[in-house]
Structure formats: structure tokens, C-alpha cells
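In my numbering, each residue's number is its place in the sequence shown (first place is 1) plus 304.
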Amino acid sequence: MDTCATPLLASPQRVAELKVESLSQASAQLGPRQLCELEMLLSGAFSPLAGYMGREDFESVLAGMRLADGRPWPMPVALDVPEALAKRLGPGDKLALRDQEGFMLAVLTVSEVWPSAPAREAAALYGLADIDRHPEARAYAGKAPFWHVGGAIEGVSLPLHADFPELRRTPAEVRAVFRQRGWRKVLGCQPRAFPHNRQRAVLRKAAAAIEGSILLVREAGDAISGGALHFAGVRCARLFAESFPPNMLLVNLLPLCSRQAGPRQALFEALVQKNHGCTHTLVGLDHADPLDADGAPLYAPGQAQRLVADFEAETGIVMVPETAMDYVEEKAQFVPRSAVAPGMTVRDLPPAELKRRLEFDLDIPEWFTPPAVAAELRAVYPPRSRQGLTLFMTGLSGAGKSTLARLLFVKFMELRTRPVTLLDGDIVRRHLSSELTFSKEHRNLNISRIGYVASEITKNGGIAICAPIAPYESSRAEARALVRPYGGFVEIHVSTPLAVCEQRDRKGLYAKARAGIVKGVTGIDDPYEVPAHPEISLDTAKLTPGEAVQEVLLYLEREGYLG
């Protein structure tokens, strides 16, 4: 393969022409993942691609991880647009590509436009018969209908990043650093989690095996959407680099959103690292495997290593298998698992146990991670008593959600531990979703908005009390997914039976539904999907409002959210 990644940025004179021409062209505003892909294209990180793939290349990559001309490339890269825009485009048309603020970054000359097939594409991309087991595959297959656009691009400017500009080197800049430092053999590594002492032992052993240096790549897209986790991750990567001998490890930020596609992902990362000048790539036994909901692997152990090794002769980058390392107490260091003798005391701190220790403010041992890294973790993952929190109530109209929400609001205001915001269903409908109907699509959109607002409140350490009907499990799961990265999410099923809710019928809603005056009333002619695993279930036909509030407070105290 060509070892020189070629950037796709136009000359200053051509940029001026493109800006003038764009005034009469259609535009597409790119989302976060699309902006990352465009930046990778423009910088040359996706070489040999000179733009977005046409249909033949796209299908060839899905089928066999090769472009139509036979060159290895495992990841499909096309611009996805809504159908309305796609219908306006044809071969030869120009499309201005803009960021979220409307700044033009590139111009796409359309070569081809075709409809997507999300379920089929997801199955091929992730190589799984049951795509529902894979979170990214499931999300891809469930996308609203969209179209693919292919064509060459001319870059106007790389996206601007205010955060850590000195670490956001292009492939050409990284290769220049290698030349300056005299690095001939370089091991590419792209850890997904915060790097700890085990990762340091793994990398030092791998680098010693090839007698080379290390490029540690950290995924880093938009700083705002990444939030505190992004900044803490980069700071930890810097601290991690300081634990290596001078001139041995270089940290570089990569605008890449991983698809966690297992073996295909490993080969993709290897090619990107090759474009940055790496000669070797570190591949784990379960590389880029997100595991299923039960913690079981989705891909066969070692499958990623075998795939990258099979392509070595064509790609020119050598696969280095990651060596499993264990901390042995008697030796006070990490050693290869194969060297652990019977009777030795092995220490481990699985991710779930690390999470528990952070949530309950417990000790994190120095053998696991340096104190400075532990401090960063504690800053971004505070104990539950200081975390933001969302109480998400769901149940039929008249179940008692609003009453419970108001009483909890008062209790939390009395406690004065965190700012509190009430997002009652009627309040949200009036102020955030007044234009929405009660169709399933709009009900899901309403819950999505509530989830987003709750996530922002939680992110900033507050308590969001949400009390919509939220009849569908999918939208409740989406709300949970929006909040959980930032703090606690407690689903409260107010399970009051329909008969009791009808007796209360304070809004006259059920009476109108029974009389046929209104349609789409949850519980009458629209389904309510009962939560399968709520944290709390309350039947207000059997509990007074005060008793229901006490049940919630007792749960929060048991789980550590109240100190």
C-alpha cells in the first residue's frame, strides 16, 4: 500500500473560488460522527480515499473489506443525507459541507446517490447474524431512512478544535515527528478506556519486542459533546505518557468515532495508524468487542489478531498481539499471565469493581493506577452522593406521577444537597413540546427531549425529576442512555392499575376516550409497555403519597445517592 497519506485540502486560491461558488450550491450540515469522518478524509488519515465512496466501493468494502480495485479497506465511508436532500442531488452536482455553526469545511462533487439498506448494511459491517446483540449495530439498523452520497471532496479547512491543539497532529505532522526523533519502528496503540498500569506493562513489553517506540492514539471528537470525560481522558493520557522513558511514547488525538466492529475495526485502525507512520499495530484478543448485554463476547477471541495478520503483506503494517498481564503481589509488578506460577497471589480490579469504588468513594490501589490518574477519575466520576441524578417516573395518566414528583421536589429542596428541576409531563408539553402531537413518533420525540434536558441537569450535578407517561420501552431506554454517562438514572414505575386511574380521571381524559371523543389515549386505544426492570415500582392505590415518597428516599439512601 501507499505509505504516504495525502491530505485533500485545496490551495488558498482554490479555497477562495470554492467559497464564492458555494453561494449557489446546496449545503449539508454535518453531525458529530460525520465531522470526524470528514476531518479524517481531509487530513489524509483515510488514505487512499479521495472522498466519499461510490456504491461499487461501498458494497465491495462491506462484502470483502476491499475497495473495488482490490486494495484493502475495511470500513465503508459515504456521506449519509436525508431523502429530501438526496432527491435534489445528481452526478456532477456540488454540495457544500458545513459544521454545526454553518462554516464550510469542504465541497463534495457528487458522483452517485443511492438509498441505504440499514439492516443489511449493519449485518455485513459487524459480521453478526444477530445484530440486536451489538449496541452499535442495533443503532445503525434502526436509523431513520437515509441515502448515501459518494464523490470527491475538496477541503476548505479542517474543523477547528480549541482543546489540546498541540496533540491534534495530522498524519503528515506525526510522520514529521517520527523523522525528527529518528523513530524507525513505531507501535500504534488505540486503547478504549483510561490507560492504567496494566496497559503500561502491556505496551512496554510490546515495544521491547519490536525494539521500537509507541504512538498512543486517543479518540477525541468534539470536546463539547465529550464533556468532562473527554478532558479527563486526555489529561490521563498525558500522565500515562510521563510514566515512560523520555522519547518513547507520543500521544496523539484522533477525530474518530469507533464503530466497535471487532476484527474489521482492528484492521481499520491498523490502516489509519499506517497512514500516521506506524510500522506495527497492537491488537488485543477481544479487540473492539463491546460485549453483549450479558457480558459475553460478540466475536471469537483472537479473530481480530488473525485478520490483521492475514493482511500484513498488503498493508505493510505488522500485527503485534497484546500479551495478557497480571499483577502478582509477591513480585509487586505486572508479569505475563503465562509466567504466573501456582501459589502466586494475583490482584485484579475489574471495570465493575473500579466503578463501584468510585461510586462509593472507596480506595483505588496504587498498583492499579497512579494516584494522579485516580484523582482524575474521581473528578469525572464523583461518588453517588455528589453525582447528578435523574428520577424518571413512568405510568398511566392519573397514576400519581405528578403528585409524587412535586412532593419529591419539596423534599430535595429541603435537603439542599443539589439543585433540583421538575420536568413534569404537562409542563414539558407546554414549554418544550407544544407543537407535538400524540403520535408514537412525536411521543418518542417528546421523551427524547426530556432525556436530553435531564442529561444536561445530571451532567451539571443537579437532580432532574421527570414525570411523563413515557409509554414505550424504546424511548425510556433512550432517556436512560442519554443520562447514564453523567450520573444516576432511577426509573420509577408508578404502577397504579388502569381501573384506579380511570376512577380518578382528573382531566376527564379516559371518559372522553371511552366515549370516542379523543383517540390515542394510553391504556385505552394506545399501548403502555410495562417496564421490565424499573429500579422502583410504586402502586399509589396501595400507598399514600407520603409513603411513596419515603420508598423513593429509602432506595436512594440504600444506593448511596443521599450520602
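Idealized CB from N, CA, C, for every residue including glycine.
With contact counted as at least three CB pairs below 8 Å, one residue from each stretch, are the segment 542 to 554 and the segment 405 to 423 in contact? Under the three-pair Cβ rule at 8 Å, the segment 542 to 554 does not count as touching the segment 405 to 423.
Return the Cβ separation of T826 and I773 in integer angstroms, given the expectation that the two are a contact with Cβ distance under 8 Å. For T826 against I773, the beta-carbon gap comes to about 5 Å, under 8 Å, which counts as contact.
Could you tell me the distance, in whole angstroms, from the CA atom of D306 to the CA atom of D728? Legend: pLDDT at D306 = 42, less than 50; position of this residue unreliable, value from coordinates given subsequently. About 58 Å.
Determine, using beta-carbon pairs with one atom in the segment 575 to 584 and one in the segment 491 to 511, whether at least three such pairs fall under 8 Å. Touching, yes.
DSSP state of Y356, grouped into three classes? Residue state, collapsed to three classes: strand.
From which residue to which residue does the alpha helix (DSSP H) around E861 run? First-last of the alpha helix (DSSP H) with E861: 849 to 862.
Mind checking Q564: buried by the 16 CB within 10 Å criterion, or exposed? Classification for Q564: buried.
What residue range does the beta strand (DSSP E) around Q333 cover? Counting along the chain, the beta strand (DSSP E) containing Q333 begins and ends at 330 to 333.
Pick out whichever of R810, L842, G824, E618 has its Cα sitting closest to the Cα of G699. Residue L842 is the option with its Cα nearest to G699.
Tell me the rounded alpha-carbon separation between L681 and F664. Those two C-alpha atoms are separated by around 13 Å.
Quick check: the Cα distance between L858 and N764, rounded to an integer number of angstroms? When rounded, the distance between both Cα atoms is 24 Å.
Report the residue from G525, E851, D652 whose alpha carbon sits nearest the alpha carbon of A715. The sequence given here places Lys at residue 715; Ala does not occur at that position. Of G525, E851, D652, the residue nearest in Cα terms is E851.
Within 10 Å of its beta-carbon, does A536 have 16 or more other beta-carbons around it, so buried, or fewer, so exposed? By the neighbour-count rule (16 or more Cβ atoms within 10 Å), A536 is buried.
Could you tell me whether the Cβ atoms of I754 and A709 are closer together than 9 Å? Against a cut-off of 9 Å, the Cβ pair of A709 and I754 comes out as no contact.
Going by other Cβ atoms of all chains shown within 10 Å of its Cβ, with 16 needed for buried, is D829 buried or exposed? Its Cβ having fewer than 16 others within 10 Å, D829 is exposed.
Does the distance from the CB of P352 to the CB of L571 come in under 9 Å? Going by C-beta atoms, P352 is not nearer than 9 Å to L571.
Contacts around D593, its chain only, beta-carbon distance under 6 Å, and the 5 residues preceding and following it disregarded: Cβ contact annotation for D593 (same chain, cutoff 6 Å, sequence separation greater than five): G566, P601, L602, Y603, in chain order.
Please classify K635 as buried or exposed, where buried requires at least 16 neighbouring CB atoms within 10 angstroms. K635 is exposed by the Cβ-count criterion.
Quick check on the burial criterion: 16 or more other C-beta atoms within 10 angstroms. Buried or exposed for I761? Result: buried.
Between the Cα of V478 and the Cα atoms of S347, S326, T848, which residue gives the shortest distance? Shortest Cα-Cα distance from V478 to any of S347, S326, T848 involves S347.
Express the C-alpha separation of R660 and H465 in angstroms, rounding to a whole number. One C-alpha to the other measures close to 34 Å.
Supposed contact pair T707 and P849 - C-beta distance, whole angstroms, cut 8 Å: Right, the Cβ-Cβ distance comes to about 5 Å (below 8 Å), so this counts as a contact.
Can I457 and L312 be called in contact, C-beta distance under 9 Å? Yes, the pair counts as a contact, with Cβ atoms nearer than the cut-off.
Could you check if I821 is buried or exposed, using at least 16 other CB atoms within 10 Å of its CB as the buried criterion? Around the beta carbon of I821, a 10 Å sphere encloses fewer than 16 other beta carbons of the protein chains shown; the residue is thus reported as exposed.
Please name the residue in L322, S331, L543, G454 whose C-alpha comes closest to that of A354. The candidate whose alpha carbon is nearest that of A354 is G454.
Three-state secondary structure assigned by DSSP to N748: Reduced to three states, the DSSP call for N748 is helix.
Do S461 and M408 have their C-beta atoms within less than 9 Å of each other? Yes, Cβ-Cβ distance for S461 and M408 is below 9 Å.
Measuring only the C-alpha atoms, how far is G791 from P674? The C-alpha of G791 lies about 24 Å from the C-alpha of P674.
DSSP-derived helix/strand/coil call for K846: Assignment of K846 by DSSP, reduced to helix, strand and coil, places it in the coil class.
From N556 to R522, what does the alpha carbon distance come to, in whole angstroms? Taking the Cα positions, N556 is about 6 Å away from R522.
Is the CB-CB distance between G258 and D809 below 9 Å? Residue 258 is absent from the model: the chain starts at 305 and stops at 867.
If you pair each beta-carbon of the segment 774 to 782 with each one of the segment 733 to 749, do three or more pairs fall below 8 Å? Counting Cβ pairs under 8 Å, three or more are found: they touch.
Compare the C-beta of R375 against all C-beta atoms of chain C and say whether one is closer than 9 Å. The structure shown contains no chain C; it is built from a single protein chain.
Answer with buried or exposed for R734, where buried requires no fewer than 16 other C-beta atoms within 10 angstroms of its C-beta. Classification for R734: exposed.
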